[in-house]
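Worksheet for the structure shown next.
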Amino acid sequence: MADGKWGNCKGCKYFGSQNPQPSGDEKSRCRQPELSKYELQVSGDSGCNAWETRTGVSGTVSPYQEPAPSVH
Ligand code: SF4
Numbered sequence: 045m046a047d048g049k050w051g052n053c054k055g056c057k058y059f060g061s062q063n064p065q066p067s068g069d070e071k072s073r074c075r076q077p078e079l080s081k082y083e084l085q086v087s088g089d090s091g092c093n094a095w096e097t098r099t100g101v102s103g104t105v106s107p108y109q110e111p112a113p114s115v116h
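If you read the sequence shown in this note's numbering, its first letter stands for residue 45, the second for the next number, and so on.
Following this line, the structure appears as structure tokens:
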């Protein structure tokens, strides 16, 4: 299924939004062929390793990156 690339749903071609450039807090269905059977409702800031580049998204969207660890 996955090619190992992590990315946010808002930049993924399987994010069900009709918006050409979805926002991080927008929620929509995941239409990835192997995940769609679960009828997942995901937000633009969610993500997974089945991510594939969404066409029409400007160059400002970058693949998901792990946040830096916090210091307590
Ligand atoms: S859950 Fe994964 S495959 Fe589905 S829209 Fe988000 S990044 Fe894409």
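Heads up, the beta-carbon is just placed ideally off N, CA and C, and yes, glycines get one too.
Alpha carbon of residue i to alpha carbon of residue j, nearest angstrom
i, j, result
"S61", "C74", "9 Å"
"Q53", "G91", "According to the sequence provided, residue 53 is Cys. The question's Gln does not apply to it. Cα to Cα, the separation comes out at about 5 Å."
"S80", "S114", "34 Å"
"Y82", "Q76", "10 Å"
Exposure label - residue i; buried when at least 16 CB within 10 Å
i, result
"S72", "buried"
"N63", "exposed"
"Q85", "exposed"
Close-in-space but distant-in-sequence residues of the same chain around residue i (CB under 8 Å, 5 per side omitted)
i, result
"D69", "S87, G88 and D89"
"S67", "K54 and G88"
Rounded distance between the beta-carbons of residue j and residue i, thought under 8 Å
i, j, result
"K57", "N93", "Actually they do not touch by this definition, with Cβ atoms about 14 Å apart."
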